Every structure is written in structure tokens, then in C-alpha cells.
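Residues in the sequence shown are numbered from 767 upward in steps of one, following this note's numbering.
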Amino acid sequence: MSKIDVVAGSFDLLCLQEVQRGVCGWDENQTDCFAWFTHRDAQQWRGVGIGVAKDLFDAVTDKVACGRGAAWVVRLKNHKRLILCSLHCPTGVTVAKYHKDVQDFKQMLRKWHPDLPIVAGVDVNEPLGWNSESTEDAFISSGAKTDRLLEVTSSLRLRAVLSQADERHLPTQYSRDECREGRHIDAVFVRLVGCGSVRVRADMRLEINTDHAMMELLIEVAKTKPSTWVDTRPRWVVRDCDALPPVRNFEDIKNIVGTFTAPLQRRRYCEDAELKDMISTAKRAPRDEKKELWKRVHHARRHRKRVWQQKQITNILYGNWGEYRDYKHGLRKASWWGGLLSSKTSTDVAAEVQDFLGNKLWDVARNWDVELRHRLAQVACQPADLVPVNIEEINTALHGMKNRSAVGADRVCVDLLRRLAVEQPVAMCDMCTEILAGETHPDDWGVSLLALLPKCQTPSHPKDLRPIAMGSAAMKMMSRLVMGRGKEVAVNANRGIRQGSPESAELFGMIVAHELQSLRLGRRWKCSKAGLKDMPVDVGCFQDDIFLWGDNADKIEKNIQLIAIMLANLGLSLSSDKTCIVTNAHYKGRRTLLADGEIVQFRPLGSSVRVLGVDFDFD
767 MSKIDVVAGS
777 FDLLCLQEVQ
787 RGVCGWDENQ
797 TDCFAWFTHR
807 DAQQWRGVGI
817 GVAKDLFDAV
827 TDKVACGRGA
837 AWVVRLKNHK
847 RLILCSLHCP
857 TGVTVAKYHK
867 DVQDFKQMLR
877 KWHPDLPIVA
887 GVDVNEPLGW
897 NSESTEDAFI
907 SSGAKTDRLL
917 EVTSSLRLRA
927 VLSQADERHL
937 PTQYSRDECR
947 EGRHIDAVFV
957 RLVGCGSVRV
967 RADMRLEINT
977 DHAMMELLIE
987 VAKTKPSTWV
997 DTRPRWVVRD
1007 CDALPPVRNF
1017 EDIKNIVGTF
1027 TAPLQRRRYC
1037 EDAELKDMIS
1047 TAKRAPRDEK
1057 KELWKRVHHA
1067 RRHRKRVWQQ
1077 KQITNILYGN
1087 WGEYRDYKHG
1097 LRKASWWGGL
1107 LSSKTSTDVA
1117 AEVQDFLGNK
1127 LWDVARNWDV
1137 ELRHRLAQVA
1147 CQPADLVPVN
1157 IEEINTALHG
1167 MKNRSAVGAD
1177 RVCVDLLRRL
1187 AVEQPVAMCD
1197 MCTEILAGET
1207 HPDDWGVSLL
1217 ALLPKCQTPS
1227 HPKDLRPIAM
1237 GSAAMKMMSR
1247 LVMGRGKEVA
1257 VNANRGIRQG
1267 SPESAELFGM
1277 IVAHELQSLR
1287 LGRRWKCSKA
1297 GLKDMPVDVG
1307 CFQDDIFLWG
1317 DNADKIEKNI
1327 QLIAIMLANL
1337 GLSLSSDKTC
1347 IVTNAHYKGR
1357 RTLLADGEIV
1367 QFRPLGSSVR
1377 VLGVDFDFD
């Protein structure tokens, strides 16, 4: 697929009918230009897939597959959702077998999102003829196998898109034997989509060394109301900035952010001048020379990219954290939020998250704002008591802040504040003193941006998300400055350990581990037998996470019940919502367990459980 980045990187949407053999089932990966989603049935040698340009792709919200085809509901940025579909019809089979595979495709899409537009790329594997070469009302000619395909597509409200008049008999599939003529066996079907004519690009097969031509089509996708995206990436002062302009208040700092700061560009592989010349030469070459020249281009690109990747790994091993972060960013899974949007809009999901967090954080019986203002009003503070802020306090506050922290709504970054503290220390001190003396602060300081991070691989509910608030860096600096002026208070305490302190979590883990070990050595604990009889350990824990493993579902269920009783005696409870059960491919038996009175379903085969931050499975 990396070859397509070179020859078709300017395209937005791609449908693939013969994907090289990979993992069985669903898979996804990314190249420089595209996010790829593929599916291969266990009975098929090759799979089908789609590709979406990275700058346009948002998420895959739903997917479905049959033996020879698959479809994905794709959510595009600032556009409405549509279905991208690929079908690879069989070749060299009886008419009955062909009809059965096409009928499976119909059953896959018959009641699946009937209101959404569809773009389907189909390898018919039968010669297609058109009953007219000039009019725009041409239809695919009749045939023993194609009749069934046309019947199925018609029932799904799919229509075949005409090729350009002079290309309706051009081959779209070429035999590896150059003595044999090619055949026009590919087609594009659409539903609820405005589009032009299909253009057959035969030379594309030579550029990526395949036997099929590319069918190019311009489609119209409905746009939505443009969303406002706030860039919260960490920012730095641009390198070519000799000196920052004078500032008098924090509003001036906010105004210079866009001009004098920018996010750090991630390091990624780029073609050098020699490779670009090779690509340009291959594009201009005659048809009989294209195939060999493009082979050299792809070989040279693979070699250069491999050398670049090896250099990146070497830099990481030598302690280059910037390279490591770029490497991890490339491994990040795309569209993990697609499951949340499968049957909802983004507005619905936002409302659910807001209600969920509000119920956790808001107590209707208390009004903290009124109580806080009442307490502040009781504090006697005279203007003469104000001590002006000095530059040492500002430097101390900034020293404890990270440059790579995400910025807030005002986009003021730590690097900019540090630069101002060096170039304009008097102005910085005056601004901070003015904030302390007054009762107002910039409006952006009261606004935090909320980032939602997944707690699991495929979150489906608001409880599967971890909220992270991103506030103004200037506000954080002022908070540190004020807290730094506090005096040490020594209190003689004999009522245990404060909640949230490091030793609190440590003692909690020690108590749980001690009780779990006592339970494990007791008579009621059910140990594994047969092949796992010699396994010395079948349970472990870390803080509030407990892990069990074994070969018998009944014994594990009884051990879970013992753990639930043990936790209840400690004043704790077992969370069935966070209980996850995974198995290997050889497990045969029931697919549910009873955990503290609640029925817990086993996760699908191939799923993983997160153990100390690492995804663990049996594969």
C-alpha cells in the first residue's frame, strides 16, 4: 500500500478489491498519505479494503463484511458520513456459486444504514459491455452472471456509473501474459451520490505493478457546518525570532502567540531530490519503459525509508525523546472514537459525556461558588499588604512547568513565558502584580479545554473515557506563584494517612495483596489441574487491579466470588463493569461468568486486557 502513496497520494478515497494477504479478519494501518482499513475472510486468499486521505479522515463508525466484500461507514471532517464498499466477485466458478456470493453481498447491505450514500468498487470478474457508446443512458449488457449482480445492486438502490464514452471498452484487467488481451471487468456503483463519469487510468497498473487499471471518479459529498477546532498542541517560540515585541498585559501576550509561536513539526520521512527526479522520470517515460522504471522507484524508496527508520531507532536508543514521541505518534491507532459515534452524532456524544461528568462532579445539595465567595469576603486584605512579584518568583514557577504541555484556549505556551521572563522581566513582574492586586483576570483563564482519552481500545460509553483538562499556561504560572508564597504549616497528626498521598496507595496495595495471598493459600481456593497443575501462581494484583488465569471457567468463577467476599470484608466492592475476560483460540466452553452477582460476557476472540499499561492477549 505504500506504493499508492507515491502514485495516487492526491486522491481522497480509494476502494481496493485485491489486498495482499495479511491478517484474517479486520485490520487497519496507516501510510504517509492514507488510513487503510481491510478485511479478509478466512476462506479467501486475498482481502478487500478502503483508503481515506489522512487530512480528510475522522473515524470509522461502523463496519460489516461478507465472504467476498466489506463496507465501512466513514466519517469525514466537515462532511456527512458515507459508506465505502469493496466487493471482489469470484472467478472460474459456476453460475450458482457466483450467485450465492453476490447474494451474500446483498444480505450484508440490505438493511444496513439504508439512508447513507454509498460508493462501491466492484471487481465483477466478468466482461462488462455497455448497450450504448454515446448516450448517457447506457446500461451494462446482460449476462448469465452479471444479471444476478445487477439484480442485487438494483435492490440496494445502487447504480452503475458510466465510463467515459471512449473508454467503455478499454480493458481494466490485464493478464500477466502480455500476448493475451485485457478485459473490462471492473465497475463503480453509487447510491445517493452525485458524480461524473468514470475515467480508466490503465497506466496506473504499471506504476504499482498490478494487473488492474485504476478507475477514477469525481464524487460530491454533502458538507456539514464547519467545526471549530482549537489547536492545543504544545507550542514554541519560532527560531528566527530575535526579540519579542513589548507587552503590557496578558492580552498582549495572547495577541503575539499566532505570530511568534508555532507547534513543533514532527519528524517524518521525506523523499530526497534524487528520488523525486526518479519519480518525475518514471511519470514521463514511454509505456514500455514505465514498469521497469517504477520498480526502481519503489525499490529505492523502500531502501531510503528503511535507512531512515533505522536511524530513528538508533536515535531513540541513544536517548532522543523527541524521536521516541514521533515514533509512538506513528503507532497511534486511528478512529478509536468511532464506536462512540456508531449510532449517534457528535452532539449526542458530547451531551452524554457532559451529563456523565456532571453527575460525578456536581452536588446539587451544595453551591461551592457561593461558599467560596463567602470565605474570600471574610479575608481581610489591605492594599498595603501586597508584596510586588519579583522575577525570581516567576522563574521558580516556570521552572516547574513543562514545555511540552498542551496549551489552553489562549494558546499561550510555557516557552513564550520563559522567553518573556528573560527579555522583559520588569513587564512580567508588573503584569503578575496587577493580577494579584485586582479582582479580575483574563476571561480565557476561566476556560479549560477538555480532552477525552480512551481507557480501553474501543470505548463505547462515557465511562470508558478519561477526561483531561487543559487550561491556560499563564494561569498555571500565576497559581504556582501564589502557592509558592504560602508558608509551611506543621500539624501533629495521629489519625492515619491523608488520602492521595503516595504512602496511602502503597499501604492500600499491601493490604489487598496480603488478603489475596491469605485467600489463595486457603482451602476454599480452587487450583488448576491437568496441564496447569504445576503452575505456581494463578492470581496477582497491583493496587486495585486483580488478575486471575486458569483453564476452567467454573473454578475461576468460584475464585472470583471468593475475591468479592474478601473485598466486601474490607469495605470494598468488585466492579463488574470493569471485569474483563479473555480466552485463547483453544478454549471451548461457556462464554459468560458470574462476577459478584452480575453476568459478565467474554470478550471476542483476539481481544486483550490491559495489565499495568500493557495490552496482554493469548496470541
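Ideal Cβ placement from N, Cα and C applies to all residues, glycine included. Only a predicted model underlies this, so the values are computations on that prediction, with no experimental measurement involved.
{"Query": "Collapsed DSSP secondary structure at PRO1233 in the structure displayed", "Result": "strand"}
{"Query": "Exposure of ARG1014, with buried meaning 16 or more beta-carbon neighbours within 10 Å", "Result": "exposed"}
{"Query": "Whole-angstrom distance between VAL1153 and ARG1251, CA atom to CA atom", "Result": "10 Å"}
{"Query": "Neighbourhood of ASN844 by C-beta, 7 Å cutoff - its chain only, sequence neighbours within 5 removed", "Result": "LYS989, THR990, PRO992, SER993"}
{"Query": "Where ASP867 sits in the DSSP three-state scheme", "Result": "helix"}
{"Query": "Test item: CB-CB of ILE1234 and MET1194 under 7 Å", "Result": "no"}
{"Query": "TRP1128 - partner residues in DSSP beta bridges", "Result": "Partner(s): none; TRP1128 has no beta bridge."}
{"Query": "At least 3 beta-carbon pairs within less than 8 Å: the region 789 to 807 vs the region 872 to 883", "Result": "no"}
{"Query": "Residues near ASN1169 in its chain [Cβ-Cβ closer than 6 Å; skip 5 each side]", "Result": "VAL1180, ASP1181"}
{"Query": "Cβ-Cβ distance between VAL818 and VAL839 below 7 Å", "Result": "no"}
{"Query": "Given 8 Å, three or more beta-carbon pairs between the region 1327 to 1335 and the region 1349 to 1359", "Result": "no"}
{"Query": "Residue closest to LEU936, alpha-carbon to alpha-carbon, out of ILE951, LEU924, LEU922, VAL927", "Result": "ILE951"}
{"Query": "Meets three-Cβ-pair contact criterion under 8 Å: the region 1099 to 1118 and the region 819 to 828", "Result": "yes"}
{"Query": "Residue from CYS790, THR797, GLU892 whose Cα sits closest to the Cα of ASP807", "Result": "CYS790"}
{"Query": "Pick from LYS1126, ARG1184, ARG1033, VAL1377 that is closest to TYR1090, judged by C-alpha positions", "Result": "ARG1033"}
{"Query": "For ASP824, the first and last residue of its enclosing beta strand (DSSP E)", "Result": "823 to 831"}
{"Query": "Every unbroken alpha helix (DSSP H) inside the region 1146 to 1202 [4 residues or more]", "Result": "1157 to 1165, 1180 to 1189"}
{"Query": "Beta bridge counterpart(s) of ARG1001 as assigned by DSSP", "Result": "PRO1029"}
{"Query": "C-beta contact flag for ARG957 and PRO880 at 7 Å", "Result": "no"}
{"Query": "Host alpha helix (DSSP H) of MET767 (start-end)", "Result": "Where MET767 is concerned, there is no enclosing alpha helix (DSSP H), given that its DSSP letter is neither H nor E."}
{"Query": "Residue span of the beta strand (DSSP E) that contains MET981, given as start and end", "Result": "980 to 982"}
{"Query": "Cα-Cα separation, LYS846 to VAL987", "Result": "7 Å"}
{"Query": "Contact under 7 Å by Cβ, SER852 with GLN783", "Result": "yes"}
{"Query": "Separation of GLN1120 from LEU1231, as counted between CA atoms", "Result": "12 Å"}
{"Query": "Counted within 10 angstroms of its Cβ, other Cβ atoms place PHE905 as buried (16 or more) or exposed", "Result": "exposed"}
{"Query": "Other residues of its chain near MET767: CB distance less than 6 Å, five sequence neighbours each side excluded", "Result": "THR797, TRP802"}
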